[in-house]
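Undergrad:
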Amino acid sequence: MIETLAKLQPLILIGLLATMYSLELFIPYLAKPADKRKHDLHNFGVSFISFAVNGPLSGLVVYMLMFTAQHQLGLFNQVGLPVLAEIILGILLIDFGSYCFHNLQHKVPLLWRFHRVHHSDPNLNTSSVLRFHPVDVALSQCIFQVIWIPLMGISMTSFVIYGGVALPLLVLQHANVCFPEWVEKYGRFIFSTPGWHKIHHSDEQHYTDSHYGDVFTFWDRIFGTHHKVSPEQISYGLKEFKAQKHHTIKGQLWMPFENGPVAATGNNKGNAS
Ligand SMILES: [Zn+2]
8 MIETLAKLQP LILIGLLATM YSLELFIPYL AKPADKRKHD LHNFGVSFIS
58 FAVNGPLSGL VVYMLMFTAQ HQLGLFNQVG LPVLAEIILG ILLIDFGSYC
108 FHNLQHKVPL LWRFHRVHHS DPNLNTSSVL RFHPVDVALS QCIFQVIWIP
158 LMGISMTSFV IYGGVALPLL VLQHANVCFP EWVEKYGRFI FSTPGWHKIH
208 HSDEQHYTDS HYGDVFTFWD RIFGTHHKVS PEQISYGLKE FKAQKHHTIK
258 GQLWMPFENG PVAATGNNKG NAS
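With positions in the sequence shown counted from 1, the corresponding number in my numbering is that position plus 7.
#1: Taking 7 Å as the cut-off, is the beta-carbon of residue 122 closer than that to any non-hydrogen atom of ligand 1?
#2: Determine whether the beta carbon atoms of residue 199 and residue 180 lie at a separation below 8 Å.
#3: In chain order, which continuous runs of the beta strand (DSSP E) of length 3 or greater are located wholly inside the stretch 100-166?
#4: Please look up how many angstroms separate the CB atoms of residue 104 and residue 151, rounded, as I've assumed it's under 8 Å.
#5: Count Cβ pairs between the stretch 13-30 and the stretch 173-193 that sit closer than 8 Å; are there 3 or more?
#6: Please say whether residue 182 and residue 10 have beta carbons closer to each other than 8 Å?
#7: Does the Cβ of residue 126 lie closer than 7 Å to at least one heavy atom of ligand 1?
#8: Would residue 263 pass as a contact of residue 144 if the rule is Cβ separation under 8 Å?
#9: Apart from the five residues on each side of it in sequence, which residues of its chain come closer than 8 Å, Cβ to Cβ, to residue 67?
#10: With distance defined between alpha-carbon atoms, name the residue in 156, 222, 245 and 36 nearest to residue 172.
#11: Report whether the distance from the Cβ of residue 212 to the nearest heavy atom of ligand 1 is below 7 Å.
#12: Label residue 29 either buried or exposed according to how many other C-beta atoms from any shown protein chain fall within 10 Å of its C-beta, with 16 as the threshold for buried.
#13: Considering only heavy atoms of ligand 2, does any lie closer than 7 Å to the CB of residue 233?
#14: Please find out if some non-hydrogen atom of ligand 1 comes closer than 7 Å to the beta-carbon of residue 6.
#15: Taking DSSP as the reference, what is the three-state secondary structure of residue 209?
#16: Report buried or exposed for residue 187, applying the criterion of at least 16 other Cβ atoms within 10 angstroms of its Cβ.
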């Protein structure tokens, strides 16, 4: 069953991307970009480059998971919990590790330089989902996934189930689609819903440095990194990177080397635009 879910994940993801991309045309939540076609093409271009460059690293993550299980390494393999408890705790620990690493991406200047490419999009939509600098993805896979997941001894089952929830949720979070009200009203008690995550894309620093959770909202609630603000009142992107030249494929790939803010937190007096 887990093997089937793993095989179906790419298809589910492509289907959801196509569905959300189509829905944006008919029931948009926010105003569309002035030149949507150009905006989306540049984002998809960077996404494709990141995906192509980091494909082999995904294989390394899977290899590390298998190696850990085979040699009984990592925390869970030492403790010996009941299977169901291990699966659930594994899912929670992946999300907690991701929350911690996402904090670092905002606070460590070198990590922020690459992560800010994702944040700089002033027009969030489905094309923003995979708009990550290739180095941002590589650092996330090398520092977080290749180290944290095997260290905890997280099983392939937890990893595949987590991916099955996190990846579709990532698409919904960024899609410029008007979802039914109940999604926000009830969903955000547990999940990082589209409205909850969009606050993380505000161009106001104290909002950018909040709502870090990928799947669950517990971590942001526990550590006080969340705000009450309507996504409709937000201006998106980064103030230092509003100019159009930063949003082409070349502009996005070059952005980490521009004189923007050295870290999301604190110094925000860049002059890149
Ligand atoms: Zn972020």
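We put the CB at the ideal spot given by N, CA and C, even for glycine.
TA: Short version:
#1: The residue labelled residue 122 in the question sits at position 115 within the sequence shown. Residue 122 Cβ: within cutoff of ligand 1.
#2: Taking the sequence shown and counting its residues from 1, one reaches residue 199 at position 192. Taking the sequence shown and counting its residues from 1, one reaches residue 180 at position 173. Contact: yes.
#3: none
#4: For this step, residue 104 is matched to residue 97 along the sequence shown. For this step, residue 151 is matched to residue 144 along the sequence shown. Contact holds; Cβ gap of about 6 Å.
#5: yes
#6: Numbered from 1 along the sequence shown, position 3 holds the residue referred to as residue 10. Numbered from 1 along the sequence shown, position 175 holds the residue referred to as residue 182. No.
#7: In the sequence shown, residue 126 corresponds to position 119, counting from 1. Yes.
#8: Numbered from its first residue, the sequence shown carries residue 263 at position 256. Numbered from its first residue, the sequence shown carries residue 144 at position 137. Against a cut-off of 8 Å, the Cβ pair of residue 144 and residue 263 comes out as no contact.
#9: If you number the sequence shown from 1, residue 67 lands on position 60. The answer, listed in chain order, is 148 and 153.
#10: By 1-based counting over the sequence shown, the position of residue 172 is 165. If we check each option's Cα against that of residue 172, 222 comes out closest.
#11: Here residue 212 corresponds to residue number 205 of the sequence shown, with the count starting at 1. False, no ligand heavy atom lies under 7 Å from that Cβ.
#12: As a first step, residue 29 must be located in the sequence shown, where it is residue number 22. In summary, residue 29 is exposed, with fewer than 16 beta-carbon neighbours lying within 10 Å of its beta-carbon over all protein chains present.
#13: Within the structure as shown, ligand 2 is missing, the only ligands being ligand 1.
#14: It is not possible to answer for residue 6, since the shown part of the chain is limited to 8 through 280.
#15: As a first step, residue 209 is located in the sequence shown; it is residue number 202 there, counting from the start. Reduced to three states, the DSSP call for residue 209 is strand.
#16: Residue 187 sits at position 180 when you count from the first residue of the sequence shown. Answer is exposed; the Cβ neighbour count stays below 16.
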